[in-house]
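Notes for the one structure printed next.
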Amino acid sequence: MKRRLSPPCQTPEPRHSLTRARLYPSGWECDRHAPWARKGLPEPLPGPGWPSAAWTTPAGQGVASLIDERAIARGKRRASQTDYRAAQAAVTSKGR
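Residue numbers (this note's numbering): 2 to 97.
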């Protein structure tokens, strides 16, 4: 079953400010009938967007290659036999 959105506030009063109608989960609402207004809360200020922790910071190239070498050396990543032996040698030499 499709959920139908209610039409924007259709009261002809100017205080409904039809130009500022926004789509909320409950449907199109003006500032007077928005969910925050129904609860008696002030209008929320526009935020900066997603938090910076929402995206992971890419690791440096040195860290990524070290992780890759360890994964190859442990056999957790597919690699040729030559790469596998070279990674094992690199990891054991760095561990000393």
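Just so you know, even glycine gets a beta-carbon here, dropped at the ideal spot from N, CA and C.
By the CB criterion at 8 Å, residue 92 and residue 80 fall outside the cutoff.
C-alpha of residue 72 to C-alpha of residue 88: approximately 9 Å in a straight line.
Sixteen is the threshold: since fewer than 16 other Cβ atoms of the shown chains lie within 10 Å of the Cβ of residue 44, the residue is exposed. Close CB contacts of residue 32 within its chain, under the 7 Å cut and outside five residues either way in sequence, are with 18, 21, 38 and 44 (chain order).
Inter-residue distance for residue 84 and residue 77 is about 13 Å (C-alpha atoms, whole angstroms). Here residue 35 is buried, its C-beta having at least 16 other C-beta atoms within 10 Å. For residue 70, the three-state secondary structure derived from DSSP is helix.
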